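Heads up: the structure comes next, in structure tokens.
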Amino acid sequence: MATRGDGRRGHPERRGAPVNGQRTDRDPLDRLDYYTLLGVSRDAEVDEIRSAFRRFARKYHPDRYAGASEDKRARANAIYRRGSEAVSVLAEPAARSAYDAMLAKGTLRLSADARERAIAPKQVVRKRAIPIQSTRAKDLYREAVECARLGDWGGAWGYMKEACDAEPGNAYLEGQLVRLDGKLKAHQRGR
Amino acid sequence: MSELVLGIDLGTTNSVVAVADGSQARVLSDQAGHRLVPSVVSFTEDGRVVVGEEARERRLIDATNTVYSVKRLIGRPFRSPEVKRAQERFAFELVEGMNGGVVVKVREETYTLTEISAFVLREVRRIAERLLDQPCNRAVITVPANFNELQRSATKAAGQVAGLDVARIINEPTAAAVAYGCGQDHAARVAVYDLGGGTFDFTLLEMEGDVVEVVSTAGDSFLGGDDIDLLVAEAMATQFADKHGWDPRNDLQAFERVRAAAEWAKCSLWQKPEVKLAIEELAYDGDGRPLDLDFSITRDQLNELILPTITRTFDTIQAALREPNLKAKDIDTVILVGGSTRLHLVREMVAHYFDAEPRTDIDPDLVVAHGAAIHGYSIAGWTDSAPPTRLQIATPSPEELRSAREAEQQRAASLPRQPAFAPTPSRADKAPRRQPPTAPPPVPDLPELPDAIGEGPGQLLTVAYFDDDATVTNTPDELEAALAQDEASPWRPSKGAPPSVPARRSGLELELELDDAGEDFIAIPLDDERVAAKAPDLRGSSDDLLPLPLDDDDADIRADGPAGEIIGRRSSDRTFDAASIERELERFSVADDAATSLAPPDELSQPVINMGRMNAPLLMDVTPHSLGIETAGGFTQRIIGRLTPIPVEQTRLFTTARDDQPTVIVRVCQGESRAFAENQYLGDLELSELRPGRRGSVRIEVTFMLDASGVLHVRAVDADTGQEQRIQINLLGGFDEAEVADMKARHDQAFAER
Numbered sequence: 042m043a044t045r046g047d048g049r050r051g052h053p054e055r056r057g058a059p060v061n062g063q064r065t066d067r068d069p070l071d072r073l074d075y076y077t078l079l080g081v082s083r084d085a086e087v088d089e090i091r092s093a094f095r096r097f098a099r100k101y102h103p104d105r106y107a108g109a110s111e112d113k114r115a116r117a118n119a120i121y122r123r124g125s126e127a128v129s130v131l132a133e134p135a136a137r138s139a140y141d142a143m144l145a146k147g148t149l150r151l152s153a154d155a156r157e158r159a160i161a162p163k164q165v166v167r168k169r170a171i172p173i174q175s176t177r178a179k180d181l182y183r184e185a186v187e188c189a190r191l192g193d194w195g196g197a198w199g200y201m202k203e204a205c206d207a208e209p210g211n212a213y214l215e216g217q218l219v220r221l222d223g224k225l226k227a228h229q230r231g232r
Numbered sequence: 024m025s026e027l028v029l030g031i032d033l034g035t036t037n038s039v040v041a042v043a044d045g046s047q048a049r050v051l052s053d054q055a056g057h058r059l060v061p062s063v064v065s066f067t068e069d070g071r072v073v074v075g076e077e078a079r080e081r082r083l084i085d086a087t088n089t090v091y092s093v094k095r096l097i098g099r100p101f102r103s104p105e106v107k108r109a110q111e112r113f114a115f116e117l118v119e120g121m122n123g124g125v126v127v128k129v130r131e132e133t134y135t136l137t138e139i140s141a142f143v144l145r146e147v148r149r150i151a152e153r154l155l156d157q158p159c160n161r162a163v164i165t166v167p168a169n170f171n172e173l174q175r176s177a178t179k180a181a182g183q184v185a186g187l188d189v190a191r192i193i194n195e196p197t198a199a200a201v202a203y204g205c206g207q208d209h210a211a212r213v214a215v216y217d218l219g220g221g222t223f224d225f226t227l228l229e230m231e232g233d234v235v236e237v238v239s240t241a242g243d244s245f246l247g248g249d250d251i252d253l254l255v256a257e258a259m260a261t262q263f264a265d266k267h268g269w270d271p272r273n274d275l276q277a278f279e280r281v282r283a284a285a286e287w288a289k290c291s292l293w294q295k296p297e298v299k300l301a302i303e304e305l306a307y308d309g310d311g312r313p314l315d316l317d318f319s320i321t322r323d324q325l326n327e328l329i330l331p332t333i334t335r336t337f338d339t340i341q342a343a344l345r346e347p348n349l350k351a352k353d354i355d356t357v358i359l360v361g362g363s364t365r366l367h368l369v370r371e372m373v374a375h376y377f378d379a380e381p382r383t384d385i386d387p388d389l390v391v392a393h394g395a396a397i398h399g400y401s402i403a404g405w406t407d408s409a410p411p412t413r414l415q416i417a418t419p420s421p422e423e424l425r426s427a428r429e430a431e432q433q434r435a436a437s438l439p440r441q442p443a444f445a446p447t448p449s450r451a452d453k454a455p456r457r458q459p460p461t462a463p464p465p466v467p468d469l470p471e472l473p474d475a476i477g478e479g480p481g482q483l484l485t486v487a488y489f490d491d492d493a494t495v496t497n498t499p500d501e502l503e504a505a506l507a508q509d510e511a512s513p514w515r516p517s518k519g520a521p522p523s524v525p526a527r528r529s530g531l532e533l534e535l536e537l538d539d540a541g542e543d544f545i546a547i548p549l550d551d552e553r554v555a556a557k558a559p560d561l562r563g564s565s566d567d568l569l570p571l572p573l574d575d576d577d578a579d580i581r582a583d584g585p586a587g588e589i590i591g592r593r594s595s596d597r598t599f600d601a602a603s604i605e606r607e608l609e610r611f612s613v614a615d616d617a618a619t620s621l622a623p624p625d626e627l628s629q630p631v632i633n634m635g636r637m638n639a640p641l642l643m644d645v646t647p648h649s650l651g652i653e654t655a656g657g658f659t660q661r662i663i664g665r666l667t668p669i670p671v672e673q674t675r676l677f678t679t680a681r682d683d684q685p686t687v688i689v690r691v692c693q694g695e696s697r698a699f700a701e702n703q704y705l706g707d708l709e710l711s712e713l714r715p716g717r718r719g720s721v722r723i724e725v726t727f728m729l730d731a732s733g734v735l736h737v738r739a740v741d742a743d744t745g746q747e748q749r750i751q752i753n754l755l756g757g758f759d760e761a762e763v764a765d766m767k768a769r770h771d772q773a774f775a776e777r
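Protein sequence lines, in the order shown, are assigned to chains A and B. FYI, the numbering for the first sequence is 42 to 232, going by my numbering. FYI, the numbering for the second sequence is 24 to 777, going by my numbering.
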């Protein structure tokens, strides 16, 4: 079993005991931004980041220190967890731009909340309010979309028809039904 | 302390134990030479607990006291639909446990599923200890990739109840990939199609050098060989009912016999195009005359029966391909894992879908245990100063084998007369390679994924999401996308970056880049204050880094070999190809010789994987589900996203809502839906003994951590005082330490009595 290095100055006990591998004061880990941590430039492509993370893992994955002292394993664990945090932000474009904005102001980490906030509005933007009122019709519409996504046009038509029946007079649903009708016929001709 | 770590594949139907010593990984067999230990536990009238082969036989005569397939239920809340379904089909009784979990009731006693699994783990541990002649206290246990937190925790607890220190829970597909090995210098995309007894998993991995990285994973945890058996059994029962006017489904024991015969029929069809079987004296007619069930089925009929089930696996595959934006042709190699992948239909459909012959050269029943053992070896903590000893593995003596076989035959004489369960596969009739189909295989129309939906970031969102405050934009909705996609050619390249294989950088580039950054602490010192060399050395040989115990023969792996086979080829003289395994077999045949004449056929399947002098691959795994908490209005706030590399941690701030609030309860779930109720509810976190203060003034930082096994840990700190805060996780159906200790005590006692 490895013992503590000889070149060590001071003892962890005196420096504020490490909690779960994380130093409480002036941890070098806390002075690194995600890019520096992973060793990529600030304009690195996602693929580069992923590959850098792999390189990072080769070095810091806790399994690499299976035979090391408890201390070192805990430390490797803490470092790797930070790396995971870094890659999950940098590989996600929305989260990454939020991070870049924070970084410009000197904040080195993006909190989980902030990351989710950064990703969430993106989802809303991608959505369109679908003008359906009743829950039943919404559910049926959802089924229809799922069928359509899987290429089951017959199933999609069936659900859409039921959705129309569930909410009579909804022009949006009827419009979609007409489109599916055309799609279904085209497919049947194609067979 | 470094200590031997077993690799255990705790399967739905069978469990396997293997061990690796740095030169080879080897599956261990019981006294009768069986490598597959049925994951069945039977409680006899005279109070014995029987595990394995003998327990499985008791399904035919004592179905209500014989428990099997618990893996399908472990870690599931009693009120889940899966448990309800199982209640209808299993002969043993399931009741609700104290904290919402499932317990089985046998012979007036109740056992948690964790305890049942622990019996199986004890049995395989006993097999290992006997063959290795040393205590085995540590293990890597495999679970399906899409197991959630509850299932992982319950499995880990099972290990503890069995007296094992669970060094790691790893995913079965990942283990399989490890067993197939890596080590080629170029990157390869590998897909693992894992169809076991109860679950289906599809996992995409990238292998590069000695790193195995999980890219995406998806699964269906209620789809497996069990379901196929059931389909066949239903057909048999229906036929019997039509002929004799009595339905075996009305009698649990009778139907259990039918099901066992169905399994036998299914497995026999791996080798023959048609099978006939008879279950003698299944029932009696009005005059007390015995009625036999005669049944025959062809492979084509089986295929027809199971086509819808197998087709479902491709829905899962599409889900797994969607997130990394890949298509079937981007996959370099497909590995088949799990006994059910012996089905001809599975092989044909997989080959058709990926347009490539899947790899099966390591026995799909054993490959997971091999991988678990290799991983166990790599995390055992062997170092230069504490190197692993070469294992001496005993082989059962001819006498032992003979007596074990005789005991088996004796038991067989007392069993009802019928074929049952999987016949042990022999090498001669090992599942054949796929024949070029004479007629096009019955592959259904597999829809391609509309690329507009999966495109770009934020693709986790569910299809057609209703949100009252959703803003209207000009992006097409999902239906439009689907319609548009159908018109365009499928698999149009996405607008994002093409999913190309990342190029490997040379060390030189890396150094330059790091120099450019010019920071002092690029390499984070593992030691307290020592700042590492500026440019971290990829090989981890700088002073601050520990010498890696597995690295001594690195050069082998780095040497440039011809870009040959996608995986399994390394530049050293040791390879994983079939021929070398044959050679290895011969090498070890000396030890096995004595047993050969008596050995059951499965003795012949390859037991050994040569690890060569390989660097056991580094596993970079991910969490299969997002972890979230409940927010006001029943929504989920994600804390750790799906497919995040583990171990990982995230911190979130919580605060009080009332003055002097003493406790805060946080509800935790796993899943991808924004609606909390649609996700798997895990349990709650309880922050207690909060310091008094005005509402909002007490702020607690809660750190959620998934360890390398994917198991959740939490810790809490008062954000203002820095004091550690009391926090407790109450998992649904979970156990605290005392409960695990109680189960272990009871277990130790039950096992001592055997």
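Glycine included, each C-beta is placed from N, C-alpha and C at the ideal position. Just so it is clear, the structure is predicted and the values come from calculations on it, not from any experiment.
Return the residue from the list A/Arg156, A/His102, A/Gly196 that minimises the CA-CA distance to A/Ala139.
Closest by alpha carbon: A/Arg156.
Please report the distance separating the alpha-carbon of B/Ala202 from that of B/Ser711.
Between the C-alpha atoms of B/Ala202 and B/Ser711 there is a straight-line separation of about 46 Å.
How would you call B/Asn171, buried or exposed, if buried means at least 16 neighbouring beta carbons within 10 angstroms?
By the C-beta density criterion, B/Asn171 is buried, having at least 16 other C-beta atoms within 10 angstroms.
Test item: CB-CB of B/Asp378 and B/Lys352 under 8 Å:
Against a cut-off of 8 Å, the Cβ pair of B/Lys352 and B/Asp378 comes out as a contact.
Would a check of beta-carbon distances place A/Ala98 closer than 8 Å to chain B?
It does: the Cβ of A/Ala98 has a partner Cβ on chain B nearer than 8 Å.
On the CB-based measure, 16 or more other CB atoms within 10 Å of its CB, does B/Gly232 come out buried or exposed?
Under the 10 Å beta carbon count, B/Gly232 is surrounded by 16 or more other beta carbons and is classified as buried.
Can you name the residues that DSSP bridges to B/His736?
Beta-bridge partners assigned by DSSP to B/His736: B/Met728.
Cutoff 8 Å: A/Pro103 Cβ touching any chain B Cβ:
Judged by the 8 Å Cβ criterion, A/Pro103 is in contact with chain B.
For chain B, check one thing: does any of its Cβ atoms lie closer than 8 Å to the Cβ of A/Asp71?
Closer than 8 Å to the CB of A/Asp71 there is not a single CB belonging to chain B.
Taking the alpha-carbon of B/Gly665 as reference, which of A/Ala185, A/Thr176, A/Val130, A/Leu149 has the nearest alpha-carbon?
A small correction: the amino acid at residue 665 of chain B is Arg; Gly does not occupy that position in the sequence shown. Nearest C-alpha to B/Arg665: A/Val130.
CA-to-CA distance, B/Lys289 to A/Glu89, given in whole angstroms
So the two alpha carbons sit approximately 48 Å from each other.
If you check the beta carbons only, do B/Arg130 and B/Asn88 fall under 8 Å apart?
Closer than 8 Å, so yes.
When you check each C-beta in the stretch 226–245 of chain B against every C-beta of chain A, which residues fall closer than 7 Å?
For the stretch 226–245 of chain B, the set of residues with a beta-carbon nearer than 7 Å to any beta-carbon of chain A comprises Glu231, Val234, Glu236, in chain order.
State the CB to CB distance for the pair B/Ala343 and B/Phe225, rounded to an integer number of angstroms; the pair is presumed to be in contact (CB under 8 Å).
Right, their Cβ atoms sit about 5 Å apart.
Rounded to a whole number of angstroms, what is the C-alpha to C-alpha distance between B/Ile164 and B/Val357?
C-alpha of B/Ile164 to C-alpha of B/Val357: approximately 23 Å in a straight line.
Neighbour-count burial assignment, A/Val219, 16 or more Cβ in a 10 Å radius
With fewer than 16 Cβ atoms within 10 Å of its Cβ, A/Val219 is classed as exposed.
A/His102, buried or exposed, once every other Cβ within 10 Å from all chains shown has been counted against 16:
So A/His102 counts as buried.
Let's test the definition: count the other Cβ atoms within 10 Å of the Cβ of B/Leu549 and tell me whether it reaches 16, buried, or not, exposed.
The pLDDT assigned to B/Leu549 is 42, lower than 50, so where the model puts this residue is not dependable; a value taken from the coordinates is nonetheless given after this. Only buried fits B/Leu549, as 16 or more other CB atoms lie within 10 angstroms of its CB.
Quick one: residues in its chain with C-beta nearer than 6 Å to the C-beta of B/His267, no 5 flanking neighbours on either side, listed in chain order?
Closer than 6 Å at the Cβ level, and outside the excluded window around B/His267, lie Leu314.
On the CB-based measure, 16 or more other CB atoms within 10 Å of its CB, does A/Lys146 come out buried or exposed?
It counts as exposed.
Would you mind working out which of B/Trp293, B/Leu144, B/Arg280, B/Leu218 sits nearest B/Ile340, comparing C-alpha positions?
The shortest Cα separation from B/Ile340 among B/Trp293, B/Leu144, B/Arg280, B/Leu218 belongs to B/Leu218.
Contact check, B/Glu303 vs B/Pro439 under 8 Å by CB: the rounded distance?
For B/Glu303 against B/Pro439, the beta-carbon gap comes to about 7 Å, under 8 Å, which counts as contact.
Residues of chain B with CB closer than 8 Å to the CB of A/Asp154, please, in chain order.
Near A/Asp154 (Cβ distances below 8 Å), the residues of chain B are Gln660, Arg675, Leu676.
Proximal chain B residues relative to A/Glu157, where beta-carbon distance stays under 7 Å
For A/Glu157, the chain B residues whose C-beta falls within less than 7 Å of its own C-beta are Gln660, Arg661, listed in chain order.
How close, in whole Å, do the beta carbons of B/Pro419 and B/Gly56 come, if the pair is a contact with beta carbons under 8 Å?
Their Cβ separation, rounded to whole angstroms, is 6 Å, which keeps B/Pro419 and B/Gly56 in contact under 8 Å.
Top-ranked residue by Cα proximity to B/Leu650, from A/Leu225, A/Ala153, A/Ser175
Here the closest residue by C-alpha is A/Ala153.
Given 8 Å as the limit, is there contact between the stretch 673–683 of chain B and the stretch 717–726 of chain B, that is, 3 or more CB pairs closer than that?
Short answer: they touch.
Residue range of the unbroken beta strand (DSSP E) whose run includes B/Thr197:
Element bounds for B/Thr197: not the beta strand (DSSP E) but the alpha helix (DSSP H), 195–203.
Just to confirm my understanding: we take B/Val63, look at its own chain, exclude 5 residues before and 5 after, and list those with CB closer than 6 Å. What are they?
For B/Val63, where only same-chain residues beyond five positions count, the Cβ hits under 6 Å are Ala78, Arg79, Tyr91.
Mind checking whether A/Ala204 and A/Ala178 have CB atoms under 8 Å apart?
Yes; because the gap between Cβ atoms is below 8 Å, this pair is in contact.
Please identify the residue among A/Arg105, A/Val128, A/Ala109 whose C-alpha is closest to the C-alpha of A/Val81.
Measuring from the Cα of A/Val81, the nearest candidate turns out to be A/Val128.
Under the DSSP definition of a beta bridge, which residues are partnered with B/Pro313?
Answer by DSSP bridge pairing, in chain order: B/Tyr307.
For B/Leu713, which residues in the same chain have their Cβ closer than 8 Å to its Cβ, ignoring the five residues on either side in sequence?
Sequence-distant partners of B/Leu713 (beyond 5 residues in either direction) whose C-beta falls short of 8 Å from its own C-beta, in its chain, are Thr679, Gln684, Pro685, Thr686, Val687, Val721, Ile723, Gln748.
Quick check: B/Ala177 and B/Thr240, are their CB atoms within less than 8 Å of each other?
The answer is no: Cβ separation not under 8 Å.
Quick one: which unbroken alpha helix (DSSP H) runs of 4-plus residues sit fully inside the stretch 117–151 of chain A? Chain order, please.
For the stretch 117–151 of chain A, the full-length alpha helix (DSSP H) segments reaching 4 residues or more read 134–145 along the chain.
Segment limits, beta strand (DSSP E) that includes B/Lys128
Segment 125–129, the beta strand (DSSP E) holding B/Lys128.
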